[in-house]
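Visitor:
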Amino acid sequence: MRIKFNLLNLLFFGSILISSGLQAQEVFGKWKVVNDAGRVNSIVEIYEKDDAVHGKVIRITKEEHRDRKCTECPGKLKNQPIEGLNVIRDFKKEGDEYVDGTLIDPKSGKEYKGKIWVNEEHPDKLNVRGYIAFFYKTKVWERAE
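Structure, rendered in structure tokens:
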């Protein structure tokens, strides 16, 4: 009887640890976009739709900037409000990363190929990397939830 009890406990607690670890490593949820000065500019929510990962600005932190539009964005995004704008589009899961998607910088209107992934050692940090040819820059966002 004691062996069954220990085995059941092990299975139960093991499943809890595994499920909480998997949840902590997911990119989905709300993230604080932190600028180079360490201030939070906005909150982006990352979600899945049509088998792809997307992210949109759900809140600009400075109230006086909430009515800003993406004046430099191309095509149908031009002059759209930044709050509500999809700045992460069409990423696909590849291992522990999400790749082959597009990132939009709403300040400059530039689009970049990119990838996103959760930092293994710090699961409340999201790496967001944009590429131009062989050059790249990685920003670190913080989990908002």
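So the sequence shown is numbered by this note's numbering: it starts at 10 and just counts up by one.
All residues carry an ideal CB built from backbone N, CA and C; glycine is no exception.
#1: Near Phe-14, what residues of its chain come up, given a Cβ to Cβ distance below 6 Å and the 5 sequence neighbours on each side ignored?
#2: Distance, Cα to Cα, Lys-116 vs Glu-130?
#3: Using the C-alpha atoms, what's the distance from Arg-98 back to Asp-105?
#4: Rounded to a whole number of angstroms, what is the C-alpha to C-alpha distance between Arg-77 and Lys-87?
#5: What does DSSP give as the partner residues of Ser-51 in its beta bridges?
#6: My assumption, with CB atoms under 8 Å, is that Gly-64 sits in contact with Ile-55. Please give the rounded CB distance.
#7: By a C-beta neighbour count over all protein chains shown, 10 Å radius and 16 as the cutoff for buried, is Lys-146 buried or exposed?
#8: Please classify Gly-123: is it buried, with 16 or more other beta-carbons within 10 angstroms of its beta-carbon, or exposed?
#9: Cα separation between Lys-101 and Tyr-107?
#10: Residues in its own chain within less than 7 Å of Asp-133 by CB, not counting five upstream and five downstream?
#11: Ordered along the chain, which non-local residues of its own chain (more than five positions away) have a Cβ less than 7 Å from that of Arg-75?
#12: Excluding five sequence neighbours on each side, which residues of the same chain lie with their C-beta closer than 6 Å to the C-beta of Ile-113?
Guide: On the basis of the coordinates in this document:
#1: Caution applies to Phe-14, whose pLDDT of 45 falls short of 50 and renders its modelled position unreliable; the model cannot decide the point.
#2: 31 Å
#3: 18 Å
#4: 12 Å
#5: Val-42, Ile-69
#6: 4 Å
#7: exposed
#8: buried
#9: 5 Å
#10: Glu-151, Arg-152
#11: Ile-69, Glu-92
#12: Val-96, Glu-120
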